[in-house]
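Reading through the structure tokens given below for one structure.
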Amino acid sequence: MLWQRLITGPLLILMLVGLVWLDETASTPMVIAPGGDEIPFAPRGTVLLAMCALVVAPLLAREIAGMLSRAGSAVHEWPCMLAAVLGVCSMWFLGSAATVNTKVAGAVVAIPLALITLMSFALMQRRTAAGASSTVAGVLLSWAYAGLPWAFWIALDRAQGPAVLAGAILTVKSTDIGAYFTGMTLGRTKLIPWLSPGKSREGFVGGLVTGAGIGALFAWWSTDCTWVATPIDPVRGAVTGAIFGILGPIGDLAESLFKREARVKDSGNLLPGMGGVHDVADSLLLTAPAAWLLLA
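Per our numbering, the very first residue in the sequence shown carries number 1; after that it's consecutive.
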């Protein structure tokens, strides 16, 4: 219902702002070392890592596992939830996209080993070969789709600071809003009728234009913001926002594919008026790597 969305939406925005503020506060120098130097209470990104690893990613993986199960796949929740947690934590070492070092090689080796171990435990619990491919696919999907995107958002925060993180996320969500209202007022041509009848080509263009505009606006604002490590050029912000306007709807359509196969209206009912975690976070999943590559 609309009134529920009008309550849940602002609460989610306040939660995002609160988490970003808490994370930044925890990373400011506040502990005196023996040598007299001030050191942060926790590294930047710690609060966001805890929230994503312990709450957001497991809930998202649980919803995805539930939809896969309803669609007939033999998927268990707990291996998928653990894989999502691993996905969030797997890129903690990342900072700027321009300074990735040899630690990547270690992660390339360590992450598959951890996933193989997790899948082995899941298969041993089943004690049958039936549904083995579904179990493996569910674990890999949960790692890459429900967990890893949050690692990119956290890496962006660590590289550029909380203002860029919040601005990028709000830009992504602005593309959703722009697409929604443009589609309502001007929508005539269906985008993919068999998959998502409510989406139109006009709405897609409206979301792309909105993303470009909001991205440029946030970039212009970043030039005078002390919370930004490196100010972002407005042209770069506009291009990034436009890319968000393309990738965000693709993430939305990917979720529609899950829901249509599972024959459910929403991925869950955790958030009144909005559905589940997946219903709210769908556009943030595929835009996360782009945000890190373009802004970090």
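Beta carbons are placed, not taken as given, at the ideal position from N, Cα and C, and that holds for glycine.
Can you tell me where the beta strand (DSSP E) holding residue i begins and where it ends?
{"i": "Pro197", "result": "196 to 200"}
Whole angstroms are fine: how far does the CA of residue j sit from the CA of residue i?
{"i": "Leu300", "j": "Met274", "result": "Lying before the first or after the last residue shown, residue 300 is absent from the chain, which here runs from 1 to 296."}
{"i": "Asp279", "j": "Glu255", "result": "8 Å"}
{"i": "Leu50", "j": "Leu186", "result": "Reading off the sequence shown, one finds Ala at residue 50, where the question assumed Leu. One C-alpha to the other measures close to 42 Å."}
{"i": "Ala71", "j": "Glu63", "result": "12 Å"}
{"i": "Glu261", "j": "Met67", "result": "8 Å"}
{"i": "Tyr145", "j": "Cys80", "result": "11 Å"}
{"i": "Ser222", "j": "Ala166", "result": "11 Å"}
{"i": "Leu295", "j": "Gln160", "result": "8 Å"}
{"i": "Ala229", "j": "Arg263", "result": "45 Å"}
{"i": "Ser267", "j": "Lys199", "result": "18 Å"}
{"i": "Ser283", "j": "Thr28", "result": "31 Å"}
{"i": "Phe152", "j": "Val239", "result": "19 Å"}
{"i": "Trp21", "j": "Val136", "result": "38 Å"}
{"i": "Lys259", "j": "Gly241", "result": "27 Å"}
{"i": "Ala74", "j": "Ser134", "result": "6 Å"}
{"i": "Gly276", "j": "Ser196", "result": "18 Å"}
{"i": "Lys265", "j": "Trp194", "result": "15 Å"}
{"i": "Pro43", "j": "Phe218", "result": "25 Å"}
Let's see if you can read the secondary structure: which residues bound the alpha helix (DSSP H) around residue i?
{"i": "Ile250", "result": "234 to 262"}
{"i": "Leu293", "result": "277 to 295"}
{"i": "Lys173", "result": "162 to 186"}
{"i": "Val138", "result": "Rather than Val, the amino acid found at residue 138 in this sequence is Gly. Gly138 -> alpha helix (DSSP H) spans 132 to 141."}
{"i": "Cys89", "result": "77 to 89"}
{"i": "Ala28", "result": "With the sequence shown as reference, residue 28 is identified as Thr, and Ala is not the correct amino acid for it. Premise fails: Thr28 is in no alpha helix (DSSP H) and is neither H nor E."}
How about residue i and residue j: are their beta carbons less than 8 Å apart?
{"i": "Gly147", "j": "Ala83", "result": "yes"}
{"i": "Leu257", "j": "Thr287", "result": "no"}
{"i": "Asp157", "j": "Gly237", "result": "no"}
{"i": "Gly178", "j": "Gly211", "result": "yes"}
{"i": "Leu59", "j": "Leu19", "result": "no"}
{"i": "Ala61", "j": "His76", "result": "no"}
{"i": "Ala53", "j": "Val88", "result": "yes"}
{"i": "Trp150", "j": "Ala57", "result": "yes"}
{"i": "Gly203", "j": "Thr182", "result": "yes"}
{"i": "Ile192", "j": "Leu285", "result": "no"}
{"i": "Ala168", "j": "Ala291", "result": "yes"}
{"i": "Gln4", "j": "Pro272", "result": "yes"}
Taking DSSP as the reference, what is the three-state secondary structure of residue i?
{"i": "Leu191", "result": "strand"}
{"i": "Leu372", "result": "In the structure displayed, the chain extends from 1 to 296; residue 372 sits before or after that span and is not available."}
{"i": "Leu270", "result": "coil"}
{"i": "Ser222", "result": "helix"}
{"i": "Ala229", "result": "coil"}
{"i": "Ser73", "result": "coil"}
{"i": "Gly45", "result": "coil"}
Exercise for the section: Could you say if the segment 130 to 145 and the segment 160 to 176 meet the contact criterion of at least three C-beta pairs nearer than 8 Å? Expected result: Segments in contact, no.
Practice task
Indicate whether the contact test is met: 3 or more Cβ pairs, each with one atom in the segment 201 to 211 and one in the segment 239 to 246, closer than 8 Å.
Solution key: Touching, yes, given that three or more Cβ pairs across the two stretches are closer than 8 Å.
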